[in-house]
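To start, the structure under review is shown below, and the notes come after it.
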Amino acid sequence: MCGIIGYIGSRKTTEVLLKGLYALEYRGYDSAGVAITDNKDLEIIRSVGRVSKLEEKIEKEKKVNSTFGIAHTRWATNGEANEKNAHPHKIGKVTLVHNGIIENADLIKEKLINEGYKFNSDTDSEVAAALLDKYLKENDTLEAIDKMTKDLTGSFAFGIIIDGENRLYALRKDSPLLIGVGEKENFLASDITAIISYTPKYVLLDVGEVAVLEDSSLKFYKEGKEIEKEILVSDSKGVDHSKNGYDHYMLKEIMEEPVVIKRLIERYNEEENRKELDLSEYKEIDIVACGSAMYAGLVGQNLLEEFAEIKVNVYPASEYRYKKKIYNTKTLVILVSQSGETADTIAAMREAQKLGIDTLGIVNNPDSTIARETSRKILTNAGVEIAVATTKAYILQVCVLAMMAFVSGEKKGLVKEDFSIFSELPKLIKEVQDRVEEYKKIAKDIYKKESCFFIGRGLDYALCMEGSLKLKEVSYLHSEAYQAGELKHGTISLVEEGMPVLCIITNKELKDKSISNLKETEARGAKGIVITTKDLDDFDEYEKIVVPESSQYIVSMLIVPALQLLSYYVALNRGCDIDKPRNLAKSVTVE
Ligand code: M6R
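When we follow my numbering, the leftmost residue of the sequence shown carries the number 1487, and every step to the right adds one.
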């Protein structure tokens, strides 16, 4: 989602800004722009599409020999993705970039129009620029910023330039923003990856605080008074932009799964560390997350209920934050998030914390809000994911939840197997990945179809949810996941001649039930495809994907790479922009 970078110092401003924008590309965006100035002339250059297009435009058009500037990647919310809506926006003396959504923008805009302001875009961001410009007419800059902040509802992070001032301003509410601290230079950025190649030192802005950045000075204010802020040091290695010979980041990241899963498991081979995973003290768990992270939660629900006998509810964070919560004294709220910056998941975490409920984050980004604010956290340590579609981070979320089910069940005396079963995973995942030709073949058979179904029961249904999401996300092939037994209660009316129905079967007890449901669709013209394990495979009449036999604790993590690779090859056949699917953002920082 929108990314912000700002720089003041003696380096070439556009170089720093563009490098930052490239580093923020992974968040997902549809237009980009920069505002650069030498404190006399200010130039705004914007373009729709990739940062590389903006770079070409800057090379052609740039006139100002700038000393500071701000830049932005925009993921459209208010107003379509075109050049006039791209940031930065300038009204009067104020030029700004904005991340977030200003909920009362229409109301404020109407008043400002009555006062004579004219707007050039459809964005809420431009309204903030006009509002600040208005307040600047009667107040000093800090007072004007405070007044603007008080008027705005919704979420925001701003990077601001004021005409005639040789400095940058930064402030935030709900949307992420940090200040990078350098030697005779300073930065502002949505996340550390944008500036890590220049400095690991950063300051986190809290709500209501304003940062004032000059090349040789950095000051922080709250309600007009200067405040001290702690300087933190990130050990982020930044984003590795190499594709390691793969055509796409998605494929590279899938292929990294054996390595990252090995790293995660090694930590918990130490018995002492396994205590972190023990949830046996809780009577009930709410798993709250969005998208794939929520589907990892669904797998976790099945495993924790089955093997640790803990009641688990799974909620999309966007629903959870506004629903009535019924907690008992032994409830745990688990937040699952790759980015740790998903707005709804953060809000759900804060809701639970406000009510005094224990929270635990399963997070990939160690520098993120959830990683910092949750009372207990497990870091998945997948490294940065660049492809918008999550793959390696998702499988690690599933792995953490599977290990939690194992450790909690073991504590209750419910487990017969040994923790060493997890150590088999890297080798088994590699075996699944090596069968690329099978995924390519099935992909060839289904890529021209208009629609397909994933069906399964229990844990298999949870896997269907993510399999289906991955497929539609990267290939734009319409897909639905359904509980196998539920299909005939209405949705089966959609089954047409030749429609692929992918049936996941990993559980011996449910095998015959699921296959009967698959046959019901075949009787109506569907083309059945089975995804199963070697021990259950007697499906020679079907096109199939067969993964190695394994323990029920780990089998889901063998199905996952098979489904991911299938989606990848379907998308490849359909000529999709695999790493940056249309309309999607990596990090969803608005509600
Ligand atoms: O960063 P998070 O894990 O909180 O993100 C949650 C979802 O936005 C994310 O999983 C999304 O569904 C992915 N694009 C799926 O590949």
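Ideal placement from N, C-alpha and C gives every residue a C-beta, glycine not left out.
Terminal residues of the continuous alpha helix (DSSP H) containing residue i?
i: alanine 2009; result: Counting along the chain, alanine 2009 falls outside any alpha helix (DSSP H), and DSSP gives it neither H nor E.
i: asparagine 1788; result: 1777 to 1794
i: glycine 1753; result: According to the sequence as given, residue 1753 is arginine; it is not glycine. First-last of the alpha helix (DSSP H) with arginine 1753: 1743 to 1755.
i: alanine 1697; result: Taken as a continuous stretch (DSSP letters only), alanine 1697 belongs to no alpha helix (DSSP H), being part of the beta strand (DSSP E) at 1695 to 1699.
i: proline 2047; result: 2042 to 2059
i: lysine 1579; result: Looking at the DSSP string, lysine 1579 is not in any alpha helix (DSSP H), and its letter there is neither H nor E.
i: glycine 1506; result: 1499 to 1510
i: tyrosine 2039; result: Counting along the chain, tyrosine 2039 falls outside any alpha helix (DSSP H), and DSSP gives it neither H nor E.
i: isoleucine 1599; result: 1591 to 1600
i: lysine 1705; result: Per DSSP, lysine 1705 belongs to no alpha helix (DSSP H); it is in the beta strand (DSSP E), 1704 to 1708.
Note down the Cα distance separating residue i from residue j, rounded to an integer number of angstroms.
i: glutamine 1883; j: alanine 1775; result: 11 Å
i: valine 2076; j: valine 1849; result: 18 Å
i: threonine 2007; j: serine 1965; result: 15 Å
i: glutamate 1874; j: alanine 2057; result: A small fix is needed here, since residue 1874 is valine in this sequence, not glutamate. Straight-line Cα distance between these residues: approximately 14 Å.
i: aspartate 1920; j: arginine 1749; result: 20 Å
i: alanine 1833; j: threonine 1876; result: 22 Å
i: tyrosine 1707; j: glycine 1826; result: 26 Å
i: alanine 1614; j: isoleucine 1594; result: 9 Å
i: asparagine 2035; j: tyrosine 1688; result: The question names asparagine, yet the displayed sequence has glutamate at residue 2035. If I take the Cα positions, the gap works out to 48 Å.
i: alanine 1857; j: isoleucine 1932; result: 40 Å
i: serine 1979; j: glutamate 1972; result: 12 Å
i: leucine 1789; j: lysine 1935; result: 34 Å
i: alanine 1803; j: glutamate 1837; result: 11 Å
i: glycine 1640; j: lysine 1546; result: 37 Å
i: glutamine 2050; j: threonine 1559; result: 28 Å
i: lysine 2140; j: methionine 1985; result: What the structure shows of the chain is the stretch from 1487 to 2077, and residue 2140 is not part of that stretch, so it cannot be assessed.
i: glutamate 2029; j: alanine 1967; result: 19 Å
i: threonine 1679; j: phenylalanine 1892; result: 35 Å
i: isoleucine 1907; j: phenylalanine 1793; result: 15 Å
i: glutamate 1624; j: isoleucine 1747; result: 58 Å
Going by alpha carbons, who is nearest to residue i out of the options?
i: glutamate 1983; options: Lys2030, Tyr1808, Glu1624 and Gly2011; result: Gly2011
i: cysteine 1488; options: Asp1772, Tyr1512, Ile1647 and Asp1931; result: Tyr1512
i: serine 1552; options: Asn1652, Lys1539, Leu1818 and Lys1546; result: Asn1652
i: threonine 1977; options: Leu1945, Phe1940 and Tyr1688; result: Phe1940
i: glycine 1895; options: Leu2022, Glu1671 and Leu1765; result: Leu1765
i: alanine 1643; options: Glu1589, Asn1585 and Thr1627; result: Asn1585
i: glutamate 1903; options: Ser2037, Tyr1621, Thr1523 and Ile2045; result: Ser2037
i: histidine 1975; options: Asn2003, Met1951, Lys1769 and Pro1802; result: Asn2003
i: aspartate 2021; options: Lys1999, Glu1624 and Ile1991; result: Ile1991
i: valine 1981; options: Lys2005, Glu1995, Asp1998 and Ser2000; result: Lys2005
i: alanine 1879; options: Ala1779, Tyr1732, Arg1760 and Asn1993; result: Ala1779
i: leucine 1773; options: Thr1499, Asn1814, Ser1823 and Pro1852; result: According to the sequence provided, residue 1773 is isoleucine. The question's leucine does not apply to it. Ranking the options by Cα distance to isoleucine 1773, first place goes to Ser1823.
i: leucine 1664; options: Leu1654, Val2033, Ser1854 and Ala1675; result: Ala1675
i: histidine 1573; options: Thr1609, Tyr1603, Glu1542 and Ile1587; result: Thr1609
i: threonine 1627; options: Phe1673, Gly1783, Ala1562 and Gly1710; result: Gly1710
i: leucine 1622; options: Lys1898, Ile2001, Gly1578 and Lys1738; result: Gly1578
i: threonine 1523; options: Tyr1781, Cys1885, Ile1648 and Glu1871; result: Ile1648
i: arginine 1497; options: Ala1616, Thr1559, Tyr1684 and Asp1619; result: Tyr1684
i: serine 1854; options: Ile1771, Ser1661 and Arg1807; result: Ser1661
i: glutamate 1791; options: Leu1540, Glu1910, Tyr2039 and Glu1995; result: Tyr2039
i: aspartate 1592; options: Lys1576, Leu1617 and Thr1581; result: Leu1617
i: arginine 1532; options: Ala1509, Leu1503, Glu1995 and Ser2073; result: Leu1503
i: aspartate 1637; options: Lys1659, Cys1989 and Leu1654; result: Lys1659
Report, in whole angstroms, the separation of the C-beta atoms of residue i and residue j, which I expect to be a contact under 8 Å.
i: valine 1960; j: proline 2047; result: 14 Å between Cβ atoms; not a contact.
i: alanine 1697; j: leucine 1691; result: 6 Å
i: methionine 1529; j: lysine 1549; result: Reading the sequence as shown, one finds glutamate at residue 1529 and not methionine. Confirmed, Cβ separation roughly 6 Å.
i: valine 1819; j: isoleucine 1796; result: That belief does not hold up - the Cβ atoms of valine 1819 and isoleucine 1796 are roughly 13 Å apart, past 8 Å.
i: glycine 1645; j: alanine 1656; result: 6 Å
i: threonine 1831; j: leucine 1841; result: Not quite, the Cβ-Cβ distance comes to about 16 Å (not below 8 Å), so this is no contact.
i: isoleucine 1915; j: methionine 2043; result: 7 Å
i: leucine 1911; j: isoleucine 1751; result: 7 Å
Just curious, the beta strand (DSSP E) that residue i is in, first and last residue?
i: leucine 1674; result: 1672 to 1675
i: serine 1641; result: 1640 to 1648
i: alanine 1656; result: 1654 to 1659
i: isoleucine 1682; result: Element bounds for isoleucine 1682: n/a, residue is neither H nor E.
i: glutamate 2029; result: 2029 to 2033
i: isoleucine 1713; result: 1711 to 1713
i: isoleucine 1434; result: Outside the shown range of the chain (1487 to 2077) lies residue 1434, about which nothing can therefore be said.
i: isoleucine 1665; result: 1664 to 1667
i: tyrosine 1768; result: Neither: tyrosine 1768 is in no beta strand (DSSP E) and is coded neither H nor E.
i: isoleucine 1717; result: It is not in any beta strand (DSSP E) - isoleucine 1717 carries neither H nor E in the DSSP assignment.
i: isoleucine 1490; result: 1489 to 1494
For this session: Entirely within the region 1874 to 1946 and at least 3 residues each: give me those beta strand (DSSP E) ranges in chain order.
Result: 1937 to 1942
Problem set entry | Minimum length 4: unbroken alpha helix (DSSP H) runs contained in the region 1809 to 1858 | 1829 to 1840
For this session: Jot down the residue ranges of each uninterrupted beta strand (DSSP E) in the region 1523 to 1556, minimum 3 residues, whole runs only, in chain order.
Result: 1528 to 1534
Problem set entry | Runs of beta strand (DSSP E) lying entirely within the region 1946 to 2004, each at least 3 residues, in chain order | 1964 to 1969 and 1986 to 1991
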